[in-house]
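Chains as they are written, first to last, in the working numbering: chain A, 1 to 91; chain B, 92 to 399.
Working notes, structure below.
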Amino acid sequence: MKKINIILAVLLIIAVSFVYNNVQELNALKDTQTQLTQETVSMKNELDETKQNCDAKETELAKITEENSDKLEELEVWQKRTAELQALQND
Amino acid sequence: MAETDSRTSGIAERLIALFLCAGLTACGAYLVKASGEKAETLNSIHSLEEEKEQLSKEIDETLALVKETESKITEINSLDETIKAQRDEYYAACKALEDAVNEGTTDHKIAYLTFDDGPYVKTTGKYLDVLKEKDVLATFFQMGRTAEGHDELYHRVYEEGHTIANHTYSHTIRNGIYRNMDSFVNDVIKNREFIEEKLGYTTNILRFPGGSGTAVSRLGRGVKQKVNELGYGWVDWNSATGDGLELLSPAQYRDNVLKKTGNTKILVVLMHDYSANTLSALPEIIDGLRAQGYVLLPLFYDSCMINK
């Protein structure tokens, strides 16, 4: 019986060490998971802010594009004139 | 007694064995449970990493869009400079064509249509209409005196792409600007300031009222050098409708230009935008010049026709 107990005791020690390692590993994984969760939340907030900034810029762009439509048209006209003249020279 | 001890020892050993077995079973149970939890956590980590990567990509894309939008906003905010640069590029193309004409590497010829003494409320707008319809850019030698109080018309000439050049503020040839050099210079400067104030634009092209011959006859040869010192290049003309006194018909004005082009490769045509008859003749003058191979351009400082 004693021999069996000795074997059982050795097996128990090995099992406990397995359990210990497993606990350590699991804790490390949980830490990683927590950290990743926090980072993801932070990135979602950053994305929201960036999207809001982007929307604001696009609104601003639409506004000044409308306000400057005459100038944009004038620029196009000059570009067209220049291209036509350059083409004429290459005739 | 010994038998009792032996029995007690056997029970103790069995209890120990039972305890050890229980311990092993608990460890096994824990390991099974932990294995499931580990797999679940690993899956979660994997998903989080994927989500993070996706978020990072979206942030980068959105930031790129912000940057692109900001760049467009900057471009629009600097449109005035961009338009000015584009005008300069256009004039560079004019110069290239002029060089080609002079070198004989093109069959094209060039005509610079120039209109003196405006703007005039009754007629200048109609001239602009014709030029717009015919898609022609011309040069207006304007004076401030007739432009006073007509800002809209004055702006229109410039905004439609025509070259605005200095023709003195008052254009008083007799007993006025040519009285002495100071009177002339002051009138030129007054008109320059007028143009700058009204258009935010500085012209460096000038035509003497009455032409350089009149200016030289009144003020001497030094007057040409004087305008150069003021930063101007000056220009006369080698073609004219002859509309200064409005004595001829539109057909005669037309013929004065179209029948006298000769072999001139580069024409500077003098007209006045107060003339109703030149206005009537203008469409035919434009069409006729084009039919003779002339490309109609606005004057620019680097043109070979500008005396510097």
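Ideal Cβ placement from N, Cα and C applies to all residues, glycine included.
Subject >> Nearest-angstrom Cβ-Cβ length linking residue 167(B) and residue 53(A), presumed shorter than 8 Å >> reply: Contact flag wrong, Cβ pair sits at about 18 Å.
Original post:
Taking Cβ positions only, does residue 201(B) come closer than 8 Å to chain A?
Top reply: no
**OP:** Have a look at 249(B), 311(B), 243(B) and 237(B) and flag the residue whose alpha-carbon is nearest the alpha-carbon of residue 230(B).
**Re:** 249(B)
**OP:** Apply the 10 Å Cβ neighbour rule to residue 145(B) and answer buried if 16 or more other Cβ atoms are within range, or exposed otherwise.
**Re:** exposed
**OP:** Name the residue from 303(B), 205(B) and 372(B) whose alpha carbon lies nearest to the alpha carbon of residue 44(B).
**Re:** Since the first residue of chain B shown is 92 and the last is 399, residue 44(B) is not available in this structure.
Original post:
Going by the beta-carbon positions, is the gap between residue 332(B) and residue 300(B) smaller than 8 Å?
Top reply: Contact flag unset, no.
Subject >> Opening and closing residue of the beta strand (DSSP E) in which residue 285(B) lies >> reply: That residue, residue 285(B), is in no beta strand (DSSP E); its alpha helix (DSSP H) goes 272–290.
**OP:** Look at the alpha carbon of residue 379(B) and the alpha carbon of residue 80(A), and state the distance between them as a whole number of angstroms.
**Re:** 24 Å
Subject >> Straight-line gap, residue 186(B) to residue 393(B) (C-alpha atoms, nearest Å) >> reply: 7 Å
**OP:** Excluding the 5 residues preceding and the 5 following residue 252(B) in the sequence, name in chain order all residues of the same chain whose CB lies nearer than 6 Å to its CB.
**Re:** Here the set comprises 228.
Subject >> DSSP state of residue 391(B) mapped onto helix, strand, coil >> reply: coil
Original post:
DSSP three-state call for residue 253(B): helix, strand or coil?
Top reply: It is coil, neither helix nor strand.
Original post:
My guess is that residue 334(B) and residue 362(B) are in contact by the Cβ rule of under 8 Å, so how many angstroms apart are they, rounded?
Top reply: Between residue 362(B) and residue 334(B) the Cβ distance is about 6 Å, and since that is below 8 Å, they are a contact.
Original post:
Of all Cβ atoms in chain A, is any one closer than 8 Å to the Cβ of residue 123(B)?
Top reply: For residue 123(B), not one C-beta of chain A is nearer than 8 Å to its own C-beta.
Original post:
In its own chain, which residues sit with a C-beta less than 8 Å from the C-beta of residue 30(A), not counting the 5 before and 5 after it?
Top reply: none
**OP:** Rounded to whole angstroms, what's the CA-CA distance from residue 354(B) to residue 315(B)? Just pull it up for me.
**Re:** 28 Å
Original post:
If you measure from the beta carbon of residue 73(A) to each beta carbon in chain B, is any gap under 8 Å?
Top reply: no
**OP:** Could you name the residues of the same chain whose beta carbon sits closer than 7 Å to that of residue 83(A), not counting the 5 residues immediately before and after it, in chain order?
**Re:** none
Original post:
What residues from the segment 159–191 of chain B come within 8 Å of chain A, judged by C-beta to C-beta, listed N to C?
Top reply: 160, 161, 163, 164, 167, 168, 170, 171, 173, 174, 177, 178, 180, 181, 184, 185, 187, 188 and 191
Original post:
What residues in its chain sit with their C-beta under 7 Å from that of residue 340(B), if we drop five residues either side in the sequence?
Top reply: 368
Original post:
Does any residue of chain C bring its CB to less than 8 Å from the CB of residue 2(A)?
Top reply: Absent here is chain C; the protein component of the structure consists of chains A and B.
Subject >> Distance between beta carbons of residue 261(B) and residue 234(B), contact taken as under 8 Å >> reply: With a Cβ gap of about 7 Å, residue 234(B) and residue 261(B) count as contacting.
Original post:
What is the DSSP secondary structure of residue 322(B), reduced to helix, strand or coil?
Top reply: coil
**OP:** Taking only runs that begin and end inside the segment 40–72 of chain A, name each unbroken beta strand (DSSP E) of 3 or more residues, in chain order.
**Re:** As far as the segment 40–72 of chain A is concerned, it has no whole beta strand (DSSP E) run of at least 3 residues.
Original post:
How would you list, in chain order, the residues of chain A whose beta-carbon sits under 7 Å from the beta-carbon of residue 71(B)?
Top reply: Past the boundaries of the shown model lies residue 71(B); chain B is included only from 92 to 399, so the question cannot be answered.
Subject >> Element boundaries [beta strand (DSSP E), containing residue 203(B)] >> reply: 200–207
Original post:
Looking at the C-beta of residue 108(B), does it have a partner C-beta in chain A at a distance below 8 Å?
Top reply: yes
Original post:
Between which two residues does the alpha helix (DSSP H) carrying residue 230(B) extend?
Top reply: Not the alpha helix (DSSP H): residue 230(B) falls in the beta strand (DSSP E), residues 230–233.
**OP:** With DSSP as the reference, label residue 193(B) as helix, strand or coil.
**Re:** helix
Original post:
Rounded to a whole number of angstroms, what is the C-alpha to C-alpha distance between residue 377(B) and residue 348(B)?
Top reply: 10 Å
**OP:** Can you check DSSP and say which residues form a bridge with residue 363(B)?
**Re:** According to DSSP, which records beta bridges pairwise, residue 363(B) is partnered with 207(B).
Subject >> Selection of the segment 77–91 of chain A by Cβ proximity to chain B, strictly under 8 Å >> reply: Under the 8 Å Cβ criterion, the segment 77–91 of chain A contributes 77, 78, 79, 81, 82, 85, 86, 88, 89 and 91.
**OP:** Please state whether DSSP places residue 126(B) in a helix, a strand or coil.
**Re:** helix
Original post:
Since residue 68(A) meets chain B, which of its residues come closer than 9 Å, beta carbon to beta carbon?
Top reply: 167, 168 and 170
**OP:** Using only alpha-carbon positions, find the residue among 313(B), 141(B) and 325(B) that is nearest to residue 205(B).
**Re:** 325(B)
Subject >> Closer than 8 Å at the beta carbon, the chain A residues around residue 133(B) >> reply: 29
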